[in-house]
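The listed protein sequences correspond, in order, to chains A and B. The opening position of the first sequence corresponds to residue 258 in this note's numbering, with each subsequent residue numbered one higher. The opening position of the second sequence corresponds to residue 484 in this note's numbering, with each subsequent residue numbered one higher.
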Amino acid sequence: MYDLVIRNGKVVDGSGLPAFKADVAVMGNRIVKIGQVPESAREEIDAAGKIVAPGFIDPHTHFDAQLLWDGCAKPALAHGVTTIVPGNCSLSLAPLKAKHRMRLVGMFNQIEEMPLKAFKEGVVWDWETFSEYITRIRKGLAINVAPLVGHSVIRLWVMNEAATERTATDAEIAEMQSVLRECLDAGAAGLSTSYVDMDEKLQPVPSRYADAREVDALASVLGEYGRVLQIVPEFYDSDLTIARLDQLAELSLKYNIPTTFSPLFMNADNVDAVNRVMARVDEQFARGARVWPQVQTRPIDISFSFSVPSLLFMRFPTWYKIMRFGTPDEISAFFSDSENRVKLIAEAAPLEGLWPTLILRHVETDANQKYVGKTLKEIAELRKTTPVEAMMDLSVEEGLEAHFLSAGMGHNDDAKVAGLLNHPRVHIGASDGGAHILSFSTYGDTGYLFSHFVRDLNLMTVESAVKKITSDTAAIWGIPERGMLKEGMIADIAIFDPSTIARGEEKFVNDVPGDGHRYVRDSHGVDTVIVGGGIAWSEAKGYQDARGEVLPGVREMVAA
Amino acid sequence: MPVEQLSRVRKSILPQVGDDWSHIASRELPDLSEKDAIASLQSWNLHVYMRAAARMGTGSNNILPSDVIFVEPPLAYG
């Protein structure tokens, strides 16, 4: 008798080969048979009409904090994601000395838009080392985690305040190498670094003070373990992106490591630039380097209110400064002052093209409900003012709880984006899961891949889409025994209906510690998600078994 | 594919210890006067030079140790 049999489904095994009808039997945490399974099982799932695929792997997330209060990384698991990679962009929550906690919280707040209150009320700070953090998140873990360690955090651990003042000495670099080894031994999947991010004081994050010598030394440690280097390049400029991917290629070749950079967006105005980047990627792969660009599936939609700083206003200093450093009362007063308004209106001139599409999506007062769903251009006409002034006035009237949505801002040319997603040297990822929670939903990118690019547009096959987010990802990241449905592999499985799988409508929910809100999307068409042989989530019963693991590195697996 | 066969991209460097505009100018653009070389470098590297306005960087030198510094203008792509 088996523990679990999934019957009558169509198996898309992650290899990219055509789907086939078969049953899948599981014993313990492993797949033991794929084919005809006449034997009975303690639990059976009828998957008729559905696809049985390996669980999806999301290689770019920031669930570091959420995992401390939610071992399911909700709602990622319900979308079929069985493995996540947190710790991207130079930021992880370990190793972290007690004295640096608030500094790192400030960085997470600034860069990943995680609310300060969530850290204050949702986190019990009972770790310092990476190993202690891993022990901490293992409790109640329902999703697999392959965590990166952040370069900025290692720098802070070794150099303290000097981490954002200068290059490291030889002794400090040697100490960083030792700390990185400890993290990799404790289960880190690799190292992340950033060349663009700014901290809570709008100063460069620690990783940006590292010279090439330091990055080389850390990459050499990754080479000892064959682990991944992830970077955020200056993605707004193709020449800079190419220079960074050349830098990665040299490290990849020198130390025989996989590297990945994200994001890479395809917009109407940067098609040639992205083509140049991809041509360079192709050349570097031809040399034998591994430089995987990560491309997200969803278009860029940004929501905002003036109660928290928004990405949308980062390039407008007066706007961003008051959003970043002002209290709600100060922001309201600033918006109401006539002299400030002149300055703000002038600075926001480049947003002119947004007003006809920028929508008011939520208000608190009854008086303004009549404007919800209308564009700022329409609201301005009704209120006999300008769109930018209408935005400020509504925000003040709503105590800064007027929420706006700018949809389809980029990465929305379907044919061109599909061209990238199908590219053999593109890594599908960059969801940013768990981050930017007040700007957009970072959940449901896999549902969007299947509903939009596979089913609606027929620009990808379901087999190639599954391969891209399962076995390809496992191979790139060196994640052993996952990413394919094969006898002997660990049973991480997503069962979904290809005719209905989708991401749900974006909604604003109140489930963040500290009475916080975030944008999420429910899963549609996902039937059952299995992690380590246990049913972690099903549409019928919700969240169930918690068999998630912190995935061991290659060295540990070999030693075992 | 040997590195020599990679297609030409815009030439850049990573800063060496102690580099500032003047050091990079004298090393990378020795045929220009220091003033012209620095002006050229700054115009080709607005992502670094414009940090002065935002008061970012290491003291009076706004070049970060991790910066990519272009040592020629953008190439003409066609």
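The beta-carbon is built from N, C-alpha and C at its ideal position, and this holds for glycine as well.
9 Å or more divides the Cβ of L373 (chain A) from the Cβ of L361 (chain A). With fewer than 16 other Cβ atoms from the protein chains shown falling within 10 Å of its own Cβ, F582 (chain A) counts as exposed. In its chain, beyond the 5 residues on either side, P316, H317, Q551 have a beta carbon closer than 6 Å to the beta carbon of G686 (chain A).
Restricting attention to A:A276, A:A335, A:D303, the CA atom closest to the CA of I758 (chain A) is found in A:A335.
Within a 10 Å sphere around the beta-carbon of R572 (chain A) sit fewer than 16 other beta-carbons, which makes this residue exposed. Under the Cβ criterion of 9 Å, R493 (chain B) is counted among the residues facing chain A. In the DSSP assignment, W527 (chain B) falls outside any beta strand (DSSP E) and lies within the alpha helix (DSSP H) extending over 517 to 527.
Inter-residue distance for Q367 (chain A) and D768 (chain A) is about 20 Å (C-alpha atoms, whole angstroms). When A:G266, A:A793, A:P490 are compared, the shortest CA-CA separation from H530 (chain B) is found for A:P490.
In the structure shown, the three-state DSSP call for H660 (chain A) is strand. About 15 Å separates the CB atoms of M433 (chain A) and A443 (chain A); that is not less than 8 Å, and the two are not in contact. Taking a Cβ-Cβ cut-off of 7 Å, the neighbours of I499 (chain A) in chain B comprise V492, given in sequence order.
Excluding the 5 residues flanking it on each side, P463 (chain A) has same chain C-beta neighbours closer than 7 Å at S409, R412, L413, A420, T421, in chain order. In this structure, the beta-carbon distance from N345 (chain A) to S519 (chain A) falls below 9 Å. Look at M484 (chain B): its C-beta is under 9 Å from a C-beta on chain A. Contact between I579 (chain A) and L568 (chain A) does not hold, since their C-beta atoms are separated by about 16 Å, which reaches or exceeds 8 Å. Looking at the DSSP output, I792 (chain A) bridges to A:I787.
For M455 (chain A), DSSP records a beta bridge to A:P461.
Remark: C-beta atoms of V294 (chain A) and A276 (chain A) do not approach each other more closely than 9 Å. Between E658 (chain A) and A624 (chain A), the gap from beta carbon to beta carbon reaches 9 Å or more. As far as DSSP is concerned, G740 (chain A) takes part in no beta bridge. In the DSSP annotation of this structure, G266 (chain A) is not part of any alpha helix (DSSP H); the continuous beta strand (DSSP E) holding it starts and ends at 259 to 268. Per DSSP, reduced to three states, the secondary structure at T643 (chain A) is coil, with no helix or strand assignment. It is roughly 38 Å from the alpha-carbon of G667 (chain A) to the alpha-carbon of A508 (chain B). Counting only the Cα atoms, D754 (chain A) lies some 13 Å from Y705 (chain A). Assignment of beta strand (DSSP E) within the region 291 to 379 of chain A, counting only whole runs of 3 or more residues, yields 298 to 303, 308 to 311, 313 to 315, 338 to 341 in chain order. In terms of beta-carbon proximity, T424 (chain A) lines the interface with chain B, with at least one pair separated by less than 9 Å. In the three-state reduction of the DSSP assignment, D558 (chain A) falls in the strand class, which pools E and B. Under a 10 Å Cβ-count criterion, W504 (chain B) is classified as buried, with 16 or more other Cβ atoms of the shown protein chains found around its own Cβ. The way I'd put it, the region 715 to 725 of chain A doesn't touch the region 586 to 606 of chain A; fewer than three beta-carbon pairs between them come closer than 8 Å. Per DSSP, G773 (chain A) is one residue of the beta strand (DSSP E) stretching across 773 to 777.
Each residue's CA atom was taken as its position, placing D383 (chain A) and E762 (chain A) some 37 Å apart.
Of all residues in the region 380 to 393 of chain A, none places a beta-carbon less than 8 Å from a beta-carbon of chain B.
Among the CB atoms of chain A, none fall inside 9 Å of the CB of Y532 (chain B).
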